[in-house]
Every structure is written in structure tokens, then in C-alpha cells.
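**Student:** Residues in the sequence shown are numbered from 1 upward in steps of one, following UniProt numbering. Just so it is clear, CB atoms sit at the ideal spot from N, CA and C, and this is done for glycine as well. Structure incoming, see below.
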Amino acid sequence: MSPLTFDYIRQQLAQDVPPGNNDEESIWYQWITALDTLEEDFLISPKSTKGIWFAAKLSAFYSATFLEQFDGWAWKSQDESCLHNSQNSVLPDAPNVRFGHSKCSILPLKETDGSDPFLVLITPGLQIALAIYGPPRERQLLIRTDPKTIDSILFQLSERINIDLPNESERLRLLLQDMAPLQNKQDLALLFWPRLAQRLAKVRSSTLTESSSIYSQEKQRQLADFEAHQSELVLLEALSHEVRTPLATIRTLIRSLLRRSDLANIVRQRLIQIDGECSEQIDRFGLIFHAAELQRQPESLQQLARTNLSQLLLHLKPIWQQQLERRGLRLVISITPELPEILSDPSRLETMLGGLVARYSRDLDSSHTIQLSLTSAGTRLKLQLGCKSQAGTIEPTCIQSNDKQACLNPVLTWNPTTGSLQLSQEATQRLFHSLGGQVSEGSSNSLIVFFPLAGEIC
């Protein structure tokens, strides 16, 4: 398991800790009470003016008002963006929001991160990590304050921010530098657990009943949303299939016509253009079908093989050039020589890369050049997609701003300005994950996909 996933961080927190025996309702209440204990018993007096925090996922922090006084990074899932009503949350939906002098940055939660909440809080005099962990009926509340664990988790979170939002790395470094030296209370863990136990013991049965009722209602709402969501995905799969079928028939008829030798040149060119458009839409709706299938029935990495990504890109280059030239766009591909193989599915990866190029270039005008590079990045290969104008400058509009996109569901987004449908960020990440890749946004609005080397996995 990658050290850059939050599931791995939870495993670190659970190291040497006996298994729990809590159900969902009790662990949820312990979590809320732990946040209250942290705020009222350890942050009010003396009140710190400096601090940072890292949290996931957003719906677990609706009452954590103390986070507003510190700078933070919060990860939330696409489901929370599309389905969750976060009006009661103190944490925002926007990518960057200021609370007075503090700033909160929102980042995407990946499928491999898991769905349980965690919080890491760092102030000059207090460093603590909290998380929920464990399978059903064996849930446990984890609280760690030892410097070794905190330092390790802080390093991994820094690396994760560097991947998810590279421009934030320097801000994190400066904030940590401003708080140095960090001095944790030696008896923090010994103090925290008894005070948490006291709060839990003082709770009246009516409060517990009310909390359970609220939680039960929330779970019922989530179940209803899930069932509606599953039906929607099945419908999306069916529609994608119905769109591809006639397009495939049209393409077959066109290719049979192209075998004739008596076609006028202008007719042949038009048929070739129609063939290209049909192929592009067949591949596009094929990706939508597979994305809906993965969302409804997630699968682990399987049937992956050694893949020469350099050769695959060179094979696809003339196809992409032809598609982009129809819209007046240029394509430049740069590949470092003698790169090793990756582990992926070549046939599905070919379609996915074509969809990525099409999505990236969909709303660009003819003044732009698409730039694609493949380089080595340690134990991975780095595929970077960017664009520049004829003037040679990187355009900030190369990637559509997320605030222009309307989220229809976790699979599709809709641009109301252009009327175009495309795969959501979560669906794109899920598809690449099934092919062994990891997607992130780079600097200057570029897209980056990391692929593991075949030798590192096998």
C-alpha cells in the first residue's frame, strides 16, 4: 500500500494498538466527543494563535469550529461535493477560503484513501493525531501524540500535498518553520484519555439517544442516496451503450464505402472525417461506460501487464495529431530515451490517454499547442500534459476552472457555458487507478499522471 494514502496513515496510527470492539454509532459519538475534548480542554487555555491542521473527510468535522483559527488542508470526496449537504459544516466547499487570518485549502480525496475521518493538529505546544479505524464491529478511536509517529505522518502529508497541490508545499514549509521549535506536552496522551472518558460518562441517556437518532437518520439518508446513485449509474451505462451501438454501425458502413475506388476526393475526405468523429465519440462513451461501471462495482488492480508507454505514445501520436489538426491545434510530444516499462493494460490505457488528450483540449482555440512529455521520476514514470499559446506563454485557461463545471454525478460534469459533458475528476482518477496510474494537477495548470515501473511491482 502506498505511504501517500490516508489508509496507510491510519494503519500507522493503529500500530501496536489492540483491536477495537465498537460499532458505528458508538465510534461516531466517541469521535465527536474527542473533538470537543480537544477544543475545550487543550486549546482554549492557553489559546494558541499559530497552528496547522490536516483533515479528511469533511462531513466528520461539522462541529469543529476550533479549526477556523488555524491554517489547514482538508480532503473531501466527490460524493461530498455532489451528494452531501455541507451547509452545517464549518469547512468550505471552495478550493481556498480564508477564516480571518487563516486559510483552508480543499483537496480531492482518492478512492484508495478510505472513508474514515482523521485529523492531525500541529501547534507550537501541542501535536496530536486522531482517526477512526477498523472493520465493522471492531471500530476504534486512535489518538497518537508521540513525536516519532507525528513526524512520520507529517512527512507523508507534506508529500501528499506536494502531489495533490504542489503550489501549497512552500506555504506548508513556511508555516512549520514559523512554529519551530515544536514542544509537545509529555503527558498529553495520559491527560486526554481520562478527560475523554469523563465527558462520555457525563452524557445523559437522552443525549445518547438523540445522537444515535441523528446518526441513524444520516445513515438512512446516505443509503437512499446510494440506492438512487446506483440506479443512475446503471442508466448511464445503458445510455452509453445505446450511443456507441449506432455510431459503431455508421463507422462500419463508412469504412466499407472507403474501400471503393470510384469515390471523389472530396467525398473520401468527408467520409474519413466522419469516421474519425465516430471513433472519437465511441471511445469517449466507452470511457463513460467503464467509469460508471467502476463507480458502481469498484475493482482492484488486475490483469495488468508490462507496457512500453514510450512506444504506445509514439503509436498514438499521428492519431492524436489528426484529431487535433481538425480543430487547428498542434501537438508536441517529448519522450526521454530508453525509459523502462510500466505495469498497465495497454488496450484500455490507449483509450484512456486518448480521452485525456480530448478532455484537456476540448475548449482550446486554434492558437494553442498541446505539449505532452514522458520522463523518469524515481520509481515511476511521469506523463505531463500542458499547453501554450502561439506567444509561447502558458495559458491559465488551458484547463477549465472547476467552478465552471456543474457536477451531475460522481462520473460526469457539465460545462453550462459550452454545453459539453466530460468525465469528472474523480472518475478520471478512478479509471487511471484501475490502470495502475495516479493523477494530479501540476503547476501552470498542467495535468500529471504517474505510472509505477513494472520492475518495482513485479
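Using a 10 Å radius around the Cβ and a threshold of 16 neighbouring Cβ atoms, would you call K202 buried or exposed?
**Tutor:** Residue numbering aside, residue 202 sits at position 202 when the sequence shown is read from its first letter. When all chains shown are included, K202 counts as exposed.
**Student:** Any idea what DSSP makes of residue 463, helix, strand or coil?
**Tutor:** Past the boundaries of the shown model lies residue 463; the chain is included only from 1 to 458, so the question cannot be answered.
**Student:** Quick one: Cα of A377 to Cα of L453, how far?
**Tutor:** Taking the sequence shown and counting its residues from 1, the one referred to as residue 377 is at position 377. Taking the sequence shown and counting its residues from 1, the one referred to as residue 453 is at position 453. Approximately 10 angstroms between the Cα atoms of the pair.
**Student:** DSSP three-state label for S77, please.
**Tutor:** The residue labelled residue 77 in the question sits at position 77 within the sequence shown. S77 falls in the coil class under three-state DSSP.
**Student:** If you measure between the beta carbons of N184 and P136, is that distance less than 9 angstroms?
**Tutor:** Start at 1 with the first residue of the sequence shown, and residue 184 comes out as number 184. Start at 1 with the first residue of the sequence shown, and residue 136 comes out as number 136. For N184 and P136, no; Cβs fall outside 9 angstroms.
**Student:** At the level of alpha carbons, what is the spacing between I150 and L412?
**Tutor:** Translated into the one-based positions of the sequence shown, residue 150 becomes position 150. Translated into the one-based positions of the sequence shown, residue 412 becomes position 412. Going from the Cα of I150 to the Cα of L412 covers about 38 angstroms.
**Student:** Just the Cα atoms here: how many angstroms apart are P181 and P194?
**Tutor:** By one-based count along the sequence shown, residue 181 stands at place 181. By one-based count along the sequence shown, residue 194 stands at place 194. Their Cα atoms are separated by approximately 28 angstroms.
**Student:** State the Cα-Cα distance for the pair I128 and N167, rounded to the nearest angstrom.
**Tutor:** Against the sequence shown, residue 128 aligns to sequence position 128. Against the sequence shown, residue 167 aligns to sequence position 167. Rounded to the nearest angstrom, the two C-alpha atoms are 25 angstroms apart.
**Student:** Rounded to whole angstroms, what's the CA-CA distance from V120 to W28? Just pull it up for me.
**Tutor:** Counting from one through the sequence shown, the residue named residue 120 turns up at place 120. Counting from one through the sequence shown, the residue named residue 28 turns up at place 28. The alpha-carbon atoms of V120 and W28 are separated by roughly 18 angstroms.
**Student:** Could you tell me the boundaries of the beta strand (DSSP E) in which L175 lies?
**Tutor:** Residue mapping note: residue 175 aligns to position 175 of the sequence shown, counting from 1. That residue, L175, is in no beta strand (DSSP E); its alpha helix (DSSP H) goes S169 to M179.
**Student:** With a threshold of 6 angstroms on Cβ separation, who are the neighbours of M179 within its own chain once the five nearest residues in sequence on each side are excluded?
**Tutor:** Stepping through the sequence shown from its first residue, residue 179 is reached at position 179. So the list reads K50 and P124, once near-sequence residues are dropped.
**Student:** Quick check on the DSSP output: what are the complete alpha helix (DSSP H) runs of length 4 or more inside the segment 322-370, in order along the chain?
**Tutor:** The segment 322-370 contains these whole alpha helix (DSSP H) runs: 346-361.
**Student:** For L329, collect the residues of the same chain with a Cβ closer than 8 angstroms to its Cβ; drop the 5 residues on either side in sequence, then sort them by chain order.
**Tutor:** On the sequence shown, residue 329 is found 329 positions in, with the first residue counted as 1. Taken in chain order, the residues that qualify are S361, L364, S366, H368, T369 and I370.
**Student:** Report yes or no: do three or more beta-carbon pairs, one from the segment 305-314 and one from the segment 332-344, lie closer than 8 angstroms?
**Tutor:** Flag = yes, the segment 305-314 and the segment 332-344 touch.
**Student:** Out of F70, D113, W53 and Q323, which has the shortest C-alpha to C-alpha gap to V357?
**Tutor:** Taking the first residue of the sequence shown as position 1, residue 357 is located at position 357. Looking at the Cα atoms, Q323 is the closest of the given residues.
**Student:** Return the chain-ordered list of same chain residues with a C-beta closer than 7 angstroms to the C-beta of D275, the five sequence neighbours on each side being excluded.
**Tutor:** Looking up residue 275 in the sequence shown gives position 275. Excluding sequence neighbours, D275 sits near R251, I254 and R255.
**Student:** Beta-carbon within less than 6 angstroms of T112's beta-carbon, same chain only, minus the 5 sequence neighbours each way: which residues are those?
**Tutor:** Residue mapping note: residue 112 aligns to position 112 of the sequence shown, counting from 1. For T112, where only same-chain residues beyond five positions count, the Cβ hits under 6 angstroms are T5.
**Student:** Near Y386, what residues of its chain come up, given a Cβ to Cβ distance below 6 angstroms and the 5 sequence neighbours on each side ignored?
**Tutor:** In the sequence shown, residue 386 corresponds to position 386, counting from 1. Rather than Tyr, the amino acid found at residue 386 in this sequence is Gly. Cβ neighbours of G386 beyond the five flanking positions: Q371 and S446.
**Student:** For P92 and C104, what's the separation of their Cα atoms in angstroms?
**Tutor:** Locating residue 92 in the sequence shown gives position 92, counting from the first residue. Locating residue 104 in the sequence shown gives position 104, counting from the first residue. Note on P92: pLDDT 47, under 50, position unreliable in the model; the coordinate value appears next. Spanning the two alpha carbons is a distance of roughly 8 angstroms.
**Student:** Tell me which same chain residues have a C-beta within less than 6 angstroms of the C-beta of I373, skipping the five on either side of it?
**Tutor:** To locate residue 373, count along the sequence shown from 1; it is residue 373. Checking the displayed sequence, the identity of residue 373 turns out to be Ser instead of Ile. Same-chain partners within the cutoff: S334 and Q384.
**Student:** Which term fits A238, buried or exposed, when burial requires 16 or more other beta carbons within 10 angstroms of its beta carbon?
**Tutor:** Translated into positions along the sequence shown, residue 238 becomes position 238. Looking at its Cβ environment, which holds fewer than 16 other Cβ atoms inside 10 Å, A238 is exposed.
**Student:** Specify, as a first and last residue, the run of the beta strand (DSSP E) that L165 falls within.
**Tutor:** Walking along the sequence shown from the start, residue 165 turns up at place 165. Unbroken run through L165: none, as it is neither H nor E.
**Student:** Between the Cα of K76 and the Cα atoms of Q422, L172 and L58, which residue gives the shortest distance?
**Tutor:** The residue you call residue 76 lines up with position 76 of the sequence shown. The option with the nearest alpha carbon to K76 is L58.
**Student:** Could you check if Q311 is buried or exposed, using at least 16 other CB atoms within 10 Å of its CB as the buried criterion?
**Tutor:** To locate residue 311, count along the sequence shown from 1; it is residue 311. Exposed: under 16 other Cβ atoms inside 10 Å.
**Student:** Going by DSSP, what residues sit across from T141 in a beta bridge?
**Tutor:** As a first step, residue 141 must be located in the sequence shown, where it is residue number 141. The amino acid occupying residue 141 in the given sequence is Leu; Thr does not appear at that position. Note: L141 sits in a beta bridge opposite I132.
**Student:** Which term fits S424, buried or exposed, when burial requires 16 or more other beta carbons within 10 angstroms of its beta carbon?
**Tutor:** Within the sequence shown, numbered from 1, the residue matching residue 424 stands at position 424. With 16 or more Cβ atoms within 10 Å of its Cβ, S424 is classed as buried.
**Student:** Excluding sequence positions up to five away, which residues of its chain have a Cβ less than 6 angstroms from the Cβ of G20?
**Tutor:** The residue labelled residue 20 in the question sits at position 20 within the sequence shown. Contacts found: G134, E138, R139 and Q140.
**Student:** Considering just the uninterrupted stretch of the beta strand (DSSP E) at E441, what are its terminal residues?
**Tutor:** Taking the sequence shown and counting its residues from 1, the one referred to as residue 441 is at position 441. Where E441 is concerned, the enclosing beta strand (DSSP E) stretches over Q438 to E441.
**Student:** Leaving out five residues on either side along the sequence, give the residues of the same chain with a beta carbon under 6 angstroms from the beta carbon of Q30.
**Tutor:** Reading the sequence shown from its first residue, position 30 is the one you call residue 30. The residues are L141.
**Student:** To which residues of the same chain is L263 closer than 8 angstroms at the C-beta, ignoring the five residues directly before and after it?
**Tutor:** Sequence index remark: in the sequence shown, residue 263 carries index 263 (1-based). Same-chain partners within the cutoff: L257 and L271.
**Student:** For D23 and I52, I'd like the C-alpha separation in whole angstroms.
**Tutor:** Your numbering for residue 23 matches position 23 in the sequence shown. Your numbering for residue 52 matches position 52 in the sequence shown. Roughly 31 angstroms between the two C-alpha positions.
**Student:** With a threshold of 16 other CB atoms inside 10 Å of the CB of A248, please say whether the residue is buried or exposed.
**Tutor:** If you number the sequence shown from 1, residue 248 lands on position 248. Looking at its Cβ environment, which holds fewer than 16 other Cβ atoms inside 10 Å, A248 is exposed.
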